[in-house]
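Right, one structure below, let's go through it.
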Amino acid sequence: MVPPHGFTIYDDTAVSVETFTAELTITEPDAVADYRAAYEAIEPSALTGDDARALLREIRDDFRKLTTVIQ
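For what it's worth, the numbering used here labels the leading residue of the sequence shown as 911, then goes sequentially.
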């Protein structure tokens, strides 16, 4: 399961969860472990370097096309 919000793991002892209106700090070990497991599940699909830049260019171009259609 992947959380529907951003989060940062600190030394496997705490997780900072960034929601739309607040930031939460989670320190309960089982909950921190759940976030670690979520990170480990999605990390292999992360893009870096040229692959990440290519994806960002594609997203940028899609947004440009979208704004042209809306206007």
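Don't be surprised by glycine CBs; every beta carbon is placed ideally from N, CA and C.
This one's a predicted model, so the numbers in the text were calculated from it and none came from an experiment.
- Looking at the backbone, the Cα of Thr-937 and that of Glu-968 are separated by about 38 Å.
- In this structure Pro-913 is in contact with Ala-948, their Cβ atoms being roughly 6 Å apart against a cut-off of 8 Å.
- Judged by DSSP in its simplified three-state form, Thr-935 adopts strand.
- The bridge partners DSSP lists for Gly-916 are Glu-928.
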